[in-house]
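Visitor: Okay, here's the structure, questions in a sec.
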Amino acid sequence: MKELLIGKLNWQALPHEWFTLGGAAALLGLGLFLIILITRLKRWKWLWKEWLTTVDPKKIGIMYFIVAGFMLLRGGLDAIMIWLQQALSSGASHGYLSSDHFQQIFTAHGNIMVFFVAMGFVFGLINFIVPLQIGARDLASPFLNTLGFWLYVGGVLMVNMFFLLGGKYAATGWLAVAPLSSTQFSPGVGVDYMIWALQISGVGTTLGAINFIMTILKMRAPGMKLKHIPLFTWGSLCSMIMAVTVFPLLTATLFLLFLDRYAGMHFFTTTGGGNAMMYTNLIWMWGHPEVYVLILPSFGVFSEVVSVFSRKRISSYTSAVLGMIGVSTLALSVWLHHFFTMGAGADVNAFFGLMTMIIAVPTTVLVLTWIATLYKGRIRFTTPMLWFLGFVGTFAVGGMTGVILAQPPADFQLHNSLFLVAHFHTMVIGGVLWGIFAGLTYWFPKIAGFRLNERIGRYAFWCWLIGFWMAFGPLYILGLMGATRRLDHYTNSSWQPFFIVALLGGLVIMAGVVLQIVQIIASFMQRRQLADTTGDPWDGRTLEWSTPSPAPFYNFATIPKVATRDAFWEAKQLGLPERKYEDIHMPRNTASGIYIAALAFLAGFGFVWHITWLIVAAMLGIVVCVIARTFNEDTEYVLPAQEVEKLEHERAQKALARHQDIHTDTFEEMGLREFVRVAIKWVLDVIRNKRWRTL
Amino acid sequence: MAAKKTKRRVQVKGFLLLFVAVIVALAALLRGKDVALFNAKGVIAQKESHLMIFTVVVLLVIAVPTLMLLYFFAWKYRESNPKARRATETQHGKFLAFSVWAIPGIVLLVLASSMIPATHELDPHKAIAASGKPPLTIQVIAMRWKWLFIYPQQDIATVNYVQVPVGTPVQFELTADDAPMNSFWIPHWGGQLYAMTGMVNQLNLMATTAGDYSGGAAEINGEGFAGMKFTARASLDQDFDQWVLGIRQSSDVLDSAQYNKLLTPSQNNPAAVYSGVQSDLYNTVVMKYGSHDHMGH
Ligand code: HEM
Ligand SMILES: [Cu+2]
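Chains A and B supply the protein sequences, listed in that same order.
So in this note's numbering, spot 202 of the first sequence is number 202, and the numbers just go up one at a time.
Here this note's numbering runs 695 ahead of the position in the second sequence, where the first position is 1.
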């Protein structure tokens, strides 16, 4: 009976170790705080109508940023715990974590950083920026987009579920390598949590990717040919095409792993004729392209940033586009470089080594294109530009170490070592993450309506740059000293100083993160002075800067006409055209996405704990929701032209008033000291005047 | 203006200082440390390290000028530089577009022309030719979480300890039993190779200098991962023979009862030796998983 009702769930599964207890307390605390806050502010309806059920890609983008931002903190905490253990656990000392716990942490860290931080930010940026860059008002399918977002949130919850409802997380490394991930070697629900977190969010990724490909191909402003689309959109297009190509493969592979675990099949097991090498192949056929899914949008961001802040057209647009296409095509045929050490023959290894090295060519072409763009430019060292300059140097090191790893004989020595760990963090932090930071800073005015504080932004940048090299420089050296990855303990005490430096580097990075949070708060406090009243704070080149900041929900009052690359720049040279307002068709909000994702989450939860009735009920629910959605004809409404005109007029008035309000000559950006002073004053004021009562 | 200039000078000085400090700190940290991959004690490790160094040098030849150009342009064309000439568009001819592709292309050709022969030469399955010495075969079974070494020619076995004579080619025949995928790695001697159930993966290595080195599991394989280490000793021929003779005196035998005991998962196992091995033990272990392709034959 109990089995029927709650499957394999039981009391022992509930959190009882200090880290699950801590995690549960933190999650429940945060949840409770938010619930109280929203209730006090009477914002539930607003939250539901304006945000949770929205189909506006800009709002969905912002929600992606928020969730991914929290996940960055969550994954960052994991990272510090990993570093701390390794700094302590040398020789006689075994650190403060058990090996099982340590392995769960680095597994969760990897899953969270790749799927819920990097992917989250990438989808956030694409959601917000791509429609604006191509002069579109919404997406090919606004509904699929909310569904994709909520499935992503479902994955986020699933990956953190073991905190709340117990059990453990997987301890297999982020790819759940077989046969380690089989029930034989990983009993318990850890791997199942991972499978369902990735399945749910993975389906979301596939849907989202299809949607963006259709949007970019079909919804561009009149006159915008493929050869005109901005480079961030190109990067996104390449990235999404790769995602559509490989994510179904991930889904299929994890499904087979699920069948092994749930139904006792033998696809990847050691016994019963299973073949674990098959899993290794399949997972990397997805896994390698995945890293390029992440980096291509960043290539796009940097291309925009270099061009705008050099006040120059990008050099050799064709080469840049060919570079991106080349990278993404080649990326499909190199997966075996992740297991040269499995023992395939020399011919196979040499082939995949060669293909991998060839990828470095289009990558180098992109870098050379950016350099040529700087030449004779008029360069402004804004923070996005700093991220770019930090990125290129760092990325060059990552590219070089990648080419070393691509040589099979060298890889036999470096595979599974900390050198490899340093390589991919160089790429993922120095390339993907910094690209995202550059993009967020660059587009922040469009998102929030005001610029970010540059002063504190610069401090954050330097913390990240210095912290990164302190944290990962030693890992390169440790790898060369023969240290493998994922060690919760080592006997060679001469490694310890390097691990300690790495930990310190991690702390410096953390300071950078704190500074970024401070930067956002400080900018918010000075939002009136930092306001972007023109919609074009950087003297931009592409269409997103032609609409006011923050962008109106219909993106463009009149759809721009395009005849060239850098359409807005050209329009500014020629003089902006007269506006004529027209009726706008807008998609209606829908809650179907939330419902379906919630049901998918429940089904996944049922699979994790073998609760059959829940699985059946949730699946039926999904079918009903999809059918209901399909029969819903009333998914659009019309915003009349007069209404648009009124809105535009009001906005212009407001902007004008604000513009006159800003005294640029006397305004100074807040520094850290000033921030601390104001913050303390505010807190004292709240306490003294008992202001929380009115909050 | 002057103030700005001194500020910049201070910044430049600061950077130089930082740079020097980093170098000094690195040198201090690395003093007396054993950087295993560049302190090769085996022929394979030696050649692998040469390949790495060659690759790095070639890459630096292109990367250093490229990065210098980048930072030089960034500095020269800063907005506040009144002397720089500006343009809003790069006037690039066909030559630039061509060289942007040609430069990395040439580097690729150079690297590929060393990588492809090296991959064949350093194929782990390839037997090492040594002057007149017959190779020593060591059968390796990865278990949870220990390494079992069987010396069929000597009829001895060891756990978490392996000894080989210097200058003799060694064929490690890797497999696994009741264990996830493992990777067998002795950094001072040469690169790693996977050990998997139901098949034999052959790794050829040869030690060049006597000494004790550490080896271990490189691929995550469960709770006992970090402790799955062994000492790899290279000794002179006569020391090796002595060692074998010594083990022959031991009364412990690796029969199936003992083997099954070893199969029970356990962590941080001390070294152990056995003076006789049940005949055909290794093949039985390999065959027990059904037939798979045998690699490396
Ligand atoms: C010049 C281009 C690159 C080359 C030649 C290259 C080469 C390689 C090779 C050969 C490996 C396998 C090493 C091993 O497992 O032994 C590897 C691993 C990896 N690379 Fe790269 N790479 C490049 C760019 C990138 C980029 C742009 C990213 C990320 C955005 C990236 C992320 C990774 C990751 C995540 C892994 C391994 C993950 C794991 O084993 O858990 N790489 N790279
Ligand atoms: Cu790869």
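For each residue, glycine too, the CB sits at the ideal point set by N, CA and C.
If you're wondering where the values come from, they're calculated on a predicted model, not measured in any experiment.
Taking DSSP's pairing of strands, which residues face residue 86 of chain A in a bridge?
Guide: Partner(s): none; residue 86 of chain A has no beta bridge.
Visitor: Any beta carbon of chain B sitting closer than 8 Å to that of residue 490 of chain A?
Guide: Closer than 8 Å to some Cβ of chain B, the Cβ of residue 490 of chain A qualifies, so yes.
Visitor: Can you name the residues of chain A whose CB is closer than 7 Å to the CB of residue 878 of chain B?
Guide: Under the 7 Å cutoff, chain A gives 341 and 416.
Visitor: Residue 62 of chain A: beta carbon under 7 Å from a heavy atom of ligand 1?
Guide: Every heavy atom of ligand 1 is 7 Å or more from the Cβ of residue 62 of chain A, so no.
Visitor: Quick one: which chain B residues come within Cβ less than 7 Å of residue 408 of chain A?
Guide: What residue 408 of chain A touches in chain B: 814.
Visitor: Indicate the three-state DSSP secondary structure (helix, strand or coil) for residue 773 of chain B in the structure shown.
Guide: Strand, per DSSP.
Visitor: Identify, in the order they occur along the chain, each residue of the same chain with its Cβ nearer than 7 Å to the Cβ of residue 153 of chain A, setting aside the five sequence neighbours on each side.
Guide: Same-chain partners within the cutoff: 67 and 597.
Visitor: Against chain A, does residue 845 of chain B count as a neighbour if the rule is that its beta carbon must be under 8 Å from one of theirs?
Guide: With 8 Å as the cut-off, residue 845 of chain B does not count as an interface residue toward chain A.
Visitor: Looking only at DSSP bridge pairs, what is residue 907 of chain B linked to?
Guide: B:928, per the DSSP bridge assignment.
Visitor: By how many angstroms is the C-alpha of residue 425 of chain A removed from the C-alpha of residue 807 of chain B?
Guide: Going from the Cα of residue 807 of chain B to the Cα of residue 425 of chain A covers about 25 Å.
Visitor: Select from the region 799-811 of chain B all residues with a C-beta closer than 9 Å to any C-beta belonging to chain A, and list them in chain order.
Guide: Listed by position, the residues of the region 799-811 of chain B near chain A (Cβ gap below 9 Å) are 799, 800, 802, 803, 806, 807, 809, 810 and 811.
Visitor: Give the range of the alpha helix (DSSP H) segment to which residue 387 of chain A is assigned.
Guide: From DSSP, the alpha helix (DSSP H) with residue 387 of chain A extends over 383-405.
Visitor: Using beta carbons (cut-off 8 Å, strictly below), is residue 364 of chain A in contact with chain B?
Guide: Residue 364 of chain A counts as touching chain B.
Visitor: With respect to the alpha helix (DSSP H) encompassing residue 218 of chain A, which residues constitute its N-terminal and C-terminal limits?
Guide: Residues 190-218.
Visitor: Along the region 898-918 of chain B, what residues have a CB closer than 8 Å to any CB found in chain A?
Guide: Those would be 909, 911, 912, 913, 914, 915, 916, 917 and 918, in chain order.
Visitor: Which class does residue 831 of chain B belong to by DSSP, given the choice of helix, strand or coil?
Guide: Strand at residue 831 of chain B.
Visitor: I want to see whether chain A comes within less than 8 Å of residue 728 of chain B, judged by CB atoms only; does it?
Guide: Output row for residue 728 of chain B: interface = yes.
Visitor: Kindly give me the distance between the Cβ atoms of residue 799 of chain B and residue 392 of chain A, rounded to whole angstroms, as I take these residues to be in contact under 8 Å.
Guide: The pair is not a contact, with the Cβ atoms about 15 Å apart (cut-off 8 Å).
Visitor: Could you tell me whether any non-hydrogen atom of ligand 2 is closer than 7 Å to the CB of residue 266 of chain A?
Guide: No.
Visitor: Does the beta-carbon of residue 424 of chain A, which I'm using as the reference point, lie nearer than 7 Å to any heavy atom of ligand 1?
Guide: Residue 424 of chain A: yes, Cβ under 7 Å from ligand 1.
Visitor: Just reading off the alpha helix (DSSP H) that residue 439 of chain A is part of, what are its end residues?
Guide: Run containing residue 439 of chain A: 434-448, per the alpha helix (DSSP H) assignment.
Visitor: Can you tell me whether DSSP reads residue 369 of chain A as helix, strand or coil?
Guide: Helix.
Visitor: Evaluate residue 30 of chain A with the Cβ neighbour count: other Cβ atoms within 10 Å of its Cβ, from every protein chain shown; 16 or more gives buried, anything less gives exposed.
Guide: It is exposed - the Cβ of residue 30 of chain A has fewer than 16 other Cβ atoms within 10 Å.
Visitor: Does DSSP put residue 417 of chain A in a helix, a strand or coil?
Guide: Strand.
Visitor: Straight-line CA distance for residue 900 of chain B to residue 866 of chain B?
Guide: So the two alpha carbons sit approximately 7 Å from each other.
Visitor: Give the interface partners of residue 796 of chain B over in chain A, defined as CB-CB distance under 8 Å, in chain order.
Guide: Result: 319, 361 and 365.
Visitor: Assuming residue 138 of chain A contacts residue 108 of chain A under a Cβ cut-off of 8 Å, what Cβ separation, rounded to an integer in Å, is found between them?
Guide: Contact doesn't hold; Cβ gap of about 35 Å is too wide.
Visitor: How big is the Cα-Cα spacing for residue 707 of chain B and residue 401 of chain A?
Guide: Approximately 29 Å, taken between the alpha carbons.
Visitor: Please report how far the alpha carbon of residue 522 of chain A lies from the alpha carbon of residue 432 of chain A, in whole angstroms.
Guide: Spanning the two alpha carbons is a distance of roughly 25 Å.
Visitor: Would you decide whether residue 726 of chain B is buried or exposed? Buried here means 16 or more other CB atoms lie within 10 Å of its CB.
Guide: Result: exposed.
Visitor: Please confirm whether residue 78 of chain A has its beta-carbon closer than 8 Å to some beta-carbon of chain E.
Guide: The structure shown contains no chain E; its protein chains are A and B.
Visitor: If we cut at 8 Å on Cβ distances, does residue 537 of chain A have a partner in chain B?
Guide: Chain B contact via Cβ: absent.
Visitor: Interface residues of chain A around residue 887 of chain B at Cβ under 8 Å?
Guide: Those within 8 Å of residue 887 of chain B in chain A are 341, 412, 413, 415 and 416.
Visitor: Is there at least one non-hydrogen atom of ligand 1 closer than 7 Å to the beta-carbon of residue 78 of chain A?
Guide: It does not: the Cβ of residue 78 of chain A is nowhere closer than 7 Å to a heavy atom of ligand 1.
Visitor: Tell me, which residues are paired with residue 857 of chain B by DSSP?
Guide: Looking at the DSSP assignment, residue 857 of chain B forms a beta bridge with B:927.
Visitor: Between the region 957-975 of chain B and the region 847-856 of chain B, are three or more C-beta pairs nearer than 8 Å?
Guide: Segments in contact, yes.
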